Each structure stands twice: as C-alpha cells, then as structure tokens.
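Colleague: According to my numbering, the residues represented by the sequence shown are 2 to 107, in order.
Structure provided below as structure tokens; questions to follow.
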Amino acid sequence: MGPPLLGQSSLSLPGTNQKAYTGPDTEYWKSTVEEELLNLKSNHVYEKNIPMLEGITPITSKPVFYIKYYNTGDVECYKEVFAPVDNLDSVQTLVALATKYDLELD
C-alpha cells in the first residue's frame with residue numbers, strides 16, 4: 002500500500018525524528034528515515050574520521066522532512082534530507098568576507 006492520498010491523512014511535516022516516529026503517518030516517515038540512513042551508509046558519508054581542533058564547533062545538521070506530490074495533488078513520496086544548521090556569527094563572517102573581497106554570494 003502506497004502513501005495516502007491528499008486528504009486521507011493530516012500530512013503534517015514533523016520537525017524532528019521523534020515527531021516523525023510518533024506522529025501521523027509514522028509508518029511512512031520510519032521507512033523514509035531508514036532509506037535515507039541506508040543511502041548515507043552506502044555513500045560512505047560517515048566513514049571519515051576528521052579530528053576537530055580544540056575550540057572549534059562543527060556545523061551540525063538536522064533532518065528536514067517534506068512530502069513530494071504529483072500534479073494531481075496525490076502524495077508521490079515522503080522525503081527526508083539533512084540540512085546544515087549554522088549560526089548567525091558564521092553567516093555574518095561569510096558576508097563580511099564576501100564584501101571585503103568583492104565576491105558574489107549565490
């Protein structure tokens with residue numbers, strides 16, 4: 002059985018893995034998360050062990066859930082991607098460097 006048609010579910014987007022595993026459409030979100038983790042493993046994303054310098058905070062990521070629809074409005078699939086989470090200081094530094102060196106930000 003595929004994903005529900007529009008209107009058959011609340012189709013709410015969870016903001017965390019915990020909400021994905023406990024909220025509406027749990028079976029679809031669990032399958033989506035498992036598929037994404039398998040993709041990350043098969044692409045060797047987490048195999049590199051890079052030492053962190055003391056005092057440096059790495060860029061973290063968080064899951065972003067979304068639902069892809071057909072033109073008819075029916076659900077095509079549930080998706081999860083990992084988006085980097087940065088802080089305002091990092092953004093301000095990048096903008097300052099781009100301004101100083103006359104670079105364009107896309």
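Ideal Cβ positions, reconstructed from N, Cα and C, are used throughout, including at glycine.
Because the structure is a prediction, the values reported are computed rather than measured.
Taking C-beta to C-beta, are Pro-64 and Glu-81 nearer than 7 Å?
Modeller: yes
Colleague: Examine the Cβ distances between the stretch 62-77 and the stretch 17-32 and report whether three or more of them are shorter than 8 Å.
Modeller: The stretch 62-77 vs the stretch 17-32: in contact.
Colleague: With burial defined as no fewer than 16 other Cβ atoms inside 10 Å of the residue's Cβ, what is the status of Pro-15: buried or exposed?
Modeller: buried
Colleague: Under a Cβ-count criterion, where at least 16 other Cβ atoms within 10 Å of its own Cβ denotes burial, should Ile-1 be classed as buried or exposed?
Modeller: Since the displayed the chain opens at 2 and closes at 107, residue 1 lies outside it and no answer follows.
Colleague: Assign Ala-84 to buried or exposed, taking buried as 16 or more other Cβ atoms, counted over all protein chains shown, within 10 Å of its Cβ.
Modeller: exposed
Colleague: Let me know the secondary structure DSSP gives Tyr-22 once reduced to three states.
Modeller: helix
Colleague: My understanding is that Tyr-47 touches Leu-39, with C-beta atoms under 8 Å, so please give their C-beta distance in whole angstroms.
Modeller: Actually they do not touch by this definition, with Cβ atoms about 12 Å apart.
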